[in-house]
Each structure stands twice: as C-alpha cells, then as structure tokens.
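Working notes, beginning with the structure itself.
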Amino acid sequence: MFLTEDEKDILTGGQGETLAKIMKTLVMYGDTFHAEKFVEVTGPGGHLVTSFGISIMSAMFDVMDEIIDAGIRTKTPFTVDPRPIDNKNVPSSLIQMIVARVMYGKQKNYEAQLKKLGLRDDNSFTCTCYMDEVGNIPGRGDVLSWAESSAVVYANSVLGARCNRNSAFIDIFGSIIGKVPNFGLLLDEERKASWVIEVRTSHTPEAQVLGSAIGLKVMERVPYIRGLSKFIGSDLTDDAKAYLKDMGAASASNGAVGLFHVDGLTPEAKDLGEMLIRENAQVYVIDDDEMERVQKSYPVMWTDPDAAPKLCFIGCPHLSVNQLISWTERLEKSLAAGGRKKICVKTVFTAAPDVLTAFAQSPFYGRLRATGARLSYICPLMYMNNPTAKNLPVITNSNKLRTYTNSRYYTDDEICSIISKGAAI
Amino acid sequence: MTRTFKGRVVVCGEVRASAVVSRQGFNTLASFQKSLLAKKTDAVCSDQNNPDLYNKPMARLALCMPQSIGSTTGGLVFLTASAMGASPACLLFSEQIDSLAAAGAILSDVWTQNSMPTVDLLGQEFLDYVKDGMQVAVAMDGTVSVSD
C-alpha cells in the first residue's frame, strides 16, 4: 500500500507502540486485498459488532485495555450491536439466568471499556443503528468502518454507503485511525453485480426466504435483483426499507452478501440501472417453487421436532417502529378472528432502545402489550448462545437466527398463526 | 509421495502439522464456539453443518479450506483461539482468503504470541489432494508440501 508520511509515522511507532500495531494490522489487511492506499472514513460514526462481554474472550479485553491505556479513542462516537441479556423482559429460567450471568460475566467491564473507547451513549446497543430514532445514518458515498453483517449490507445497498464486510476489531481499528484500506466494496468496479436474480413469484416473496435463497446461491458476490420493485415499490418507503433490511440480513447470514442492487429501487440501481451488471453475469430465477424448495431445505435442529414452541423471537435484525405497529395490528386481527385476547406462545419483539422509546409513546405500545407480547432490546442470537437455551424449542421469523442457532424458521404468516391461534407446526 | 503447491503468503511463517480438511466454507464461529465456551484447547469442531470437520479437533493442525464463512466475529474468534493456544497451526486456503479469516490471521499475528502462518490461492487441486492426517509443511515463501 502507498502510505502518506503521517501514515508511515504511525506505522513506525512515531505516535506510540499501540497505534503502530493498529496501523500494522490495517496495512496487512489492505495488502492482503491489494488496496493501493487508505481512504478517510466519513459519516456520522462507526458501528461495532462485538457487544458481548463473554468471559472467555480475554484476548479481546486485553487488546481493548492496551488501546485504552495508550489513551486512544475512536475519531467519532460509535454504536454497537445489541446487549446479550435482558432478564426483565425476556423469559428465562433461573438456571438460564445464572449461566448467562457467568457466561457474560464481563459485560459490565466490557461496556465500561466501550465507553472509554468512544461509545456514543447507553442506548447505542442495536444491530440497526441506521434507524431514524437511533440516528447513526450514513449518507450515500460515505466510507464506513463497520462490521455487523446485516448493517453493512443495509448501508451499502439501501443507503449507498461504502463498507467492506469487516471483522470485529477491524471495525474498531478503522474508526481509531479514521481510515480504511481502499478495496472491495469501496470501489466502483467491485460494486458491480456478477449475478442477476430474476424474481418471478406470484406474490410478494417472503423477505427472509428470498434473502436466504440469494445468499445461498451467490455467497459473497453482488446480486442485481430484477422483478422485486413491482411488489415493494420503486420508492424507499419505510415498508420497503424494512423489507430490504430483513432480506439483506438473510442474504448476509445464509451467504456472505455485502451489497445488493434492486432494479428501480436502491440508489445505485436507480442511477446506473443495468450498467451495474457485469458481462457474463450468471442468472438465478426465483419463483414460487424455488421459494418453497429453499424454505423446506432448512434443517430442524430441535431435540424433539414435534415439541410445542416455548418461545418466539421476532426482530433479528431489530425491528423498526413501523414493523412494531404492523405486528400489533396483525396480532390483534388474528386474535380477534380466533376469539382470543392473548397470544399463546411467549413472544419477544426486539428493537433498538431508542426505537422502543419512540414506540412506547404511541398508542400501539399498549395495544401490543395487551396481546401478551413482550418488548426487549436484547440480541436474540446471544440469548440462544446460552447453552441452557440451546434445547429450547424456539421459533422465529429470522433467517439469521435460524442459521446461527437451533431456532426454527417460519414465515410471518405462519408465526402469526402459531402464536395467536396455537396453530399446529 | 509428496506434492508441492505454491500459494500467496498472507501471514508468513514455517510450520509442520497434520492436515484437517473442510471441503466446504469454514464457519469460524460455529466451529470454535463450543470449545471456546468450554475453555477446551483441543478445539473440537462444533459446526453440525460441516460433515467434514464436525467433532474433529482443529487445534495445532493444518486447517485446509476453500474460504471461511459466517459471522463477522470470525476474526475475533481466531484471535481468541490463538490467545488460548487453541488455534490451528496454520490456515491454508484453496481460494482467495476472505476478509474475516484474513482479519483473524492478521490479528493473531500482530496481537498474540501464537501466529498462524496463512497461505491462500493454493488452488482447487490442493484441496482435492490434501486429506485428513496427511503431513503438511508450510515454508516462508508460501510453498506448501503435502505428504501422504
């Protein structure tokens, strides 16, 4: 990589040994991917993927201490993924709570480390930092040093920002130096699509299954999606953004998608259209049969596949206010149709703390709570990582949660029927 | 019989170890999660979706794969395994290394005492040839010798 005099000074220890190690890490990372130089990080702030103080991650705490002891902070305040524990709002047995307390025994210390490093505030724990209520919203063309795969794919695709699928610590280091190596999805050429996805379903495809199908097929490549805007519109409305959030998260976790384009909808596709498609791009047709095939391919990881669900998570990635409102109306309607007042499976809706605060001020908050549903800021994935939770029959509408845990995926309609009517699974 | 493959050095180093091979994308978090949580340094693979590696130890072995996949915590997982002495002896990729494994290899090299020599672009022929238990020698210049 070409380095400026200041960058060379940092690398050779002129600004301290720890900063030199941070710079060395970024230079090696850039060299690996043939980056020619660094580019400035822009936008309102960083976003980190590591929000959990798992006791075993001593190496992480040691590196953080070394950075803090050297008096180093990020250039701008950052947000971070959701907290791993919420005993007040998420059902847990005593043994679960004890194990979680031991497992995440460093949580308090780690959050103190994050604050010293530049955490924005106590409400900054969410995987959807780009929600209006949270406000870490990069603009088009902003260069980011983020990790969290669902946030990266959203920022690249829906907001038109530029960010690679960075690992934990690379996100922090880029935010400290204020620069990232210029390669991959930061470059125009690498943002072109090598897959064309033809959506030919008879109705709006389930976002989480469509994303899963795309991710499983294209892995880390960039897809250009045709035929979707006729279902979700050609404007980035709140509904369209929520759809793309969920589709993107599924594509990033079932595969490794960091950027997608939707014909006539996402910013770069609107401007450049099919000029974004590479020559000889491969084509993947997704119709009703393919959607069904993909959904049926998900393995059931429950110890007893016929068990009744004990818990349901909705909101991985975290929900928007509009999604919470939509679920409120949906549940009320379904409960009324079944002559019930309360849901019959313990259900937790998860969202950013700032989104929950905003939702709590709307009349829908009381209505959703009246159905028996709970609200939490937790990361469902972290909850499920607790060894005592692994054998729980948990259902979800999140393909990401399904991928990384033993939880069982159902579509939104299926989830609604199960939790409101006790429909057979 | 010994066959030699030439790749690109990501993290340089010399090492000799037995091979353990994943023919599919290696999910770093899913593979290390259980052993790290249990503080076990043999790093038995816990990824049920990987039939090549599931229930096999990975620590101090030459871990061969096409690329890594999964959570963006992947780099941190490699760093943690290295700091615990539970990391593979080296990482060998048939394809170009992905950003998460690259971060893990580099973080381990710069921030711990247990560097994992890492070589990528070894080619599909390498992955087709190498089998569990074969002896692997990695040289500083990215030459990988595989002996049955």
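Same order as they appear, the protein sequences are chains L and Y.
Residue numbers for the first sequence follow this note's numbering, beginning at 1 and rising by one.
Residue numbers for the second sequence follow this note's numbering, beginning at 426 and rising by one.
Virtual Cβ for every residue (Gly too), placed ideally from N, Cα, C.
None of these values were measured; they are calculated from a predicted model.
Exercise for the section: Assess, as a yes-or-no matter, whether the stretch 509-526 of chain Y is touched by the stretch 459-473 of chain Y under the definition of 3 or more beta carbon pairs within less than 8 Å. Expected result: In the pairwise beta carbon analysis, the stretch 459-473 of chain Y is classified as touching the stretch 509-526 of chain Y: at least three pairs are separated by under 8 Å.
Problem - Helix, strand or coil at L:Gly45 [DSSP, three-state] - result: Position 45 of the first sequence, counted from the start, is the residue given in the question as residue 45 of chain L. Of the three classes helix, strand and coil, the one that applies to L:Gly45 here is coil, per DSSP.
Practice task
Output yes if chain L places a C-beta closer than 8 Å to the C-beta of Y:Lys431; else output no.
Solution key: For the purposes of this step, residue 431 of chain Y is identified with residue 6 of the second sequence, where counting begins at 1. Under the 8 Å criterion on CB atoms, Y:Lys431 is classed as non-interfacial with respect to chain L.
Exercise for the section: Check whether the stretch 525-544 of chain Y touches the stretch 157-177 of chain L, taking contact to mean three or more Cβ pairs, one atom from each stretch, closer than 8 Å. Expected result: Yes: at least three Cβ pairs fall under 8 Å.
Exercise for the section: Please state if the CB of L:His261 and the CB of L:Ala269 are separated by a distance shorter than 8 Å. Expected result: Residue numbering aside, residue 269 of chain L sits at position 269 when the first sequence is read from its first letter. Residue numbering aside, residue 261 of chain L sits at position 261 when the first sequence is read from its first letter. Against a cut-off of 8 Å, the Cβ pair of L:His261 and L:Ala269 comes out as a contact.
Problem - Supposed contact pair L:Gly141 and L:Asn164 - C-beta distance, whole angstroms, cut 8 Å - result: Taking the first sequence and counting its residues from 1, one reaches residue 164 of chain L at position 164. Taking the first sequence and counting its residues from 1, one reaches residue 141 of chain L at position 141. Contact between L:Asn164 and L:Gly141 does not hold, since their C-beta atoms are separated by about 15 Å, which reaches or exceeds 8 Å.
Handout entry: the stretch 152-162 of chain L contacting the stretch 252-267 of chain L, beta-carbon criterion three pairs below 8 Å
Key = Two segments are said to touch when three or more pairs of C-beta atoms, one from each, lie closer than 8 Å; by this definition the stretch 152-162 of chain L touches the stretch 252-267 of chain L.
Exercise for the section: Examine chain Y for any beta-carbon lying closer than 8 Å to the beta-carbon of L:Thr32, and answer yes or no. Expected result: Counted from its first residue, the first sequence places residue 32 of chain L at position 32. Chain Y has a Cβ within less than 8 Å of the Cβ of L:Thr32.
Handout entry: Unbroken alpha helix (DSSP H) run spanning L:Lys21, endpoints
Key = In the first sequence, residue 21 of chain L corresponds to position 21, counting from 1. Element bounds for L:Lys21: 17-32.
Exercise for the section: Could you tell me the boundaries of the alpha helix (DSSP H) in which L:Pro353 lies? Expected result: Counting from one through the first sequence, the residue named residue 353 of chain L turns up at place 353. Going by DSSP, L:Pro353 is part of the alpha helix (DSSP H) stretching over 353-360.
Problem - Assigned secondary structure, L:Gly258 (DSSP; H/G/I helix, E/B strand, else coil) - result: Reading the first sequence from its first residue, position 258 is the one you call residue 258 of chain L. The answer is coil: DSSP assigns L:Gly258 none of H, G, I, E or B.
Exercise for the section: Figure out for me which residue from Y:Leu547, Y:Trp536, Y:Cys489, Y:Arg433 has the closest Cα to the Cα of Y:Asp566. Expected result: Stepping through the second sequence from its first residue, residue 566 of chain Y is reached at position 141. Residue Y:Arg433 is the option with its Cα nearest to Y:Asp566.
Exercise for the section: List the DSSP bridge partners of L:Asn399. Expected result: Locating residue 399 of chain L in the first sequence gives position 399, counting from the first residue. Beta-bridge annotation (DSSP): L:Asn399 is not paired with any residue.
Exercise for the section: Just mark L:Asp271 as buried or exposed, buried being the case when its beta carbon has 16 or more other beta carbons within 10 Å. Expected result: One-based indexing of the first sequence puts residue 271 of chain L at position 271. Around the beta carbon of L:Asp271, a 10 Å sphere encloses fewer than 16 other beta carbons of the protein chains shown; the residue is thus reported as exposed.
Exercise for the section: Between the Cα of Y:Asp477 and those of Y:Leu504, Y:Leu501, Y:Arg485, Y:Arg448, spot the shortest distance and give me the residue it belongs to. Expected result: Taking the second sequence and counting its residues from 1, one reaches residue 477 of chain Y at position 52. Cα-wise, what sits closest to Y:Asp477 is Y:Arg448.
Exercise for the section: State yes or no: is the beta carbon of Y:Ala468 nearer than 8 Å to at least one beta carbon in chain L? Expected result: As a position in the second sequence, residue 468 of chain Y is number 43, starting the count at 1. Not one chain L Cβ lies under 8 Å of Y:Ala468.
Practice task
Could you have a look at Y:Gln521 and say whether DSSP puts it in helix, strand or coil?
Solution key: Along the second sequence, one-based indexing puts residue 521 of chain Y at 96. Coil at Y:Gln521, not helix or strand.
Practice task
Can you tell me which of the three DSSP states Y:Lys464 falls into?
Solution key: Working through the second sequence from its first residue, we reach residue 464 of chain Y at position 39. The DSSP-derived three-state label of Y:Lys464 is coil.
Practice task
Could you confirm whether any beta carbon from chain L is found closer than 8 Å to the beta carbon of Y:Asp523?
Solution key: Looking up residue 523 of chain Y in the second sequence gives position 98. For Y:Asp523, the answer is yes, since a Cβ of chain L falls inside 8 Å of its Cβ.
Practice task
Specify, as a first and last residue, the run of the alpha helix (DSSP H) that Y:Leu501 falls within.
Solution key: On the second sequence, position 76 is the one that residue 501 of chain Y refers to. In the DSSP assignment, Y:Leu501 falls within the alpha helix (DSSP H) that extends over 499-509.
Handout entry: Segment contact flag, the stretch 313-321 of chain L with the stretch 230-247 of chain L, C-beta cutoff 8 Å, min 3 pairs
Key = Yes, since at least three Cβ pairs between the stretch 313-321 of chain L and the stretch 230-247 of chain L fall closer than 8 Å, the two stretches touch.
Problem - Inter-residue CB distance, L:Ala193 and L:Glu220 (contact presumed, cutoff 8 Å) - result: As a first step, residue 193 of chain L must be located in the first sequence, where it is residue number 193. As a first step, residue 220 of chain L must be located in the first sequence, where it is residue number 220. Actually they do not touch by this definition, with Cβ atoms about 12 Å apart.
Exercise for the section: Would you please verify whether the beta carbon of Y:Lys464 is less than 8 Å from any beta carbon of chain L? Expected result: Stepping through the second sequence from its first residue, residue 464 of chain Y is reached at position 39. At least one CB of chain L lies nearer than 8 Å to the CB of Y:Lys464.
Problem - Cβ-Cβ separation, Y:Ser524 to Y:Leu552 (assumed contact under 8 Å), whole Å - result: Taking the first residue of the second sequence as position 1, residue 552 of chain Y is located at position 127. Taking the first residue of the second sequence as position 1, residue 524 of chain Y is located at position 99. About 20 Å separates the Cβ atoms of Y:Leu552 and Y:Ser524, ruling out a contact at the 8 Å cut-off.
Exercise for the section: Provide the residue span of the alpha helix (DSSP H) that contains L:Ser229, from first to last. Expected result: If you number the first sequence from 1, residue 229 of chain L lands on position 229. Judged by DSSP secondary structure, L:Ser229 falls within the alpha helix (DSSP H) whose first and last residues are 229-232.
Practice task
Just the C-alpha distance for L:Ile395 and L:Ile415, rounded to the nearest angstrom, thanks.
Solution key: By one-based count along the first sequence, residue 395 of chain L stands at place 395. By one-based count along the first sequence, residue 415 of chain L stands at place 415. Here the alpha carbon of L:Ile395 sits roughly 8 Å from the alpha carbon of L:Ile415.
Handout entry: Y:Leu546 at chain L interface by Cβ criterion, 8 Å
Key = By one-based count along the second sequence, residue 546 of chain Y stands at place 121. It does not; no Cβ of chain L falls within 8 Å.
Handout entry: Contact under 8 Å by Cβ, L:Ala41 with L:Ser145
Key = Indexing the first sequence from 1 puts residue 41 of chain L at position 41. Indexing the first sequence from 1 puts residue 145 of chain L at position 145. Reading off the sequence shown, one finds Val at residue 41 of chain L, where the question assumed Ala. Yes, the pair counts as a contact, with Cβ atoms nearer than the cut-off.
Handout entry: Touching by the beta-carbon criterion (3+ pairs, under 8 Å), the stretch 73-85 of chain L and the stretch 109-120 of chain L
Key = Touching, yes, given that three or more Cβ pairs across the two stretches are closer than 8 Å.
Exercise for the section: Mind checking who Y:Met490 pairs with in its DSSP beta bridge? Expected result: As a working mapping, residue 490 of chain Y is identified with position 65 in the second sequence. DSSP output for Y:Met490 lists Y:Phe518 as bridge partner(s).
Problem - Cβ distance (whole Å) where Y:Gly450 is taken to contact Y:Pro542 below 8 Å - result: As a position in the second sequence, residue 450 of chain Y is number 25, starting the count at 1. As a position in the second sequence, residue 542 of chain Y is number 117, starting the count at 1. Contact flag wrong, Cβ pair sits at about 21 Å.
Problem - Residue burial classification, L:Asn385 (beta-carbon count within 10 angstroms, cutoff 16) - result: Mapped onto the first sequence, residue 385 of chain L falls at position 385. L:Asn385 is buried by the Cβ-count criterion.
Problem - Straight-line Cα distance separating Y:Ser572 from L:Trp327 - result: Taking the first residue of the first sequence as 1, we reach residue 327 of chain L at position 327. Taking the first residue of the second sequence as 1, we reach residue 572 of chain Y at position 147. Distance between the alpha carbons of L:Trp327 and Y:Ser572: 59 Å.
Problem - DSSP-derived helix/strand/coil call for L:Tyr284 - result: For this step, residue 284 of chain L is matched to residue 284 along the first sequence. L:Tyr284 sits in a strand when the DSSP states are folded into three classes.
Exercise for the section: Report the partner residues of L:Phe38 according to the DSSP bridge assignment. Expected result: Your numbering for residue 38 of chain L matches position 38 in the first sequence. In DSSP, L:Phe38 forms a bridge with L:Pro181.
Handout entry: DSSP beta-bridge partners of Y:Pro482
Key = Looking up residue 482 of chain Y in the second sequence gives position 57. Under the DSSP definition of a beta bridge, Y:Pro482 partners with Y:Val469.
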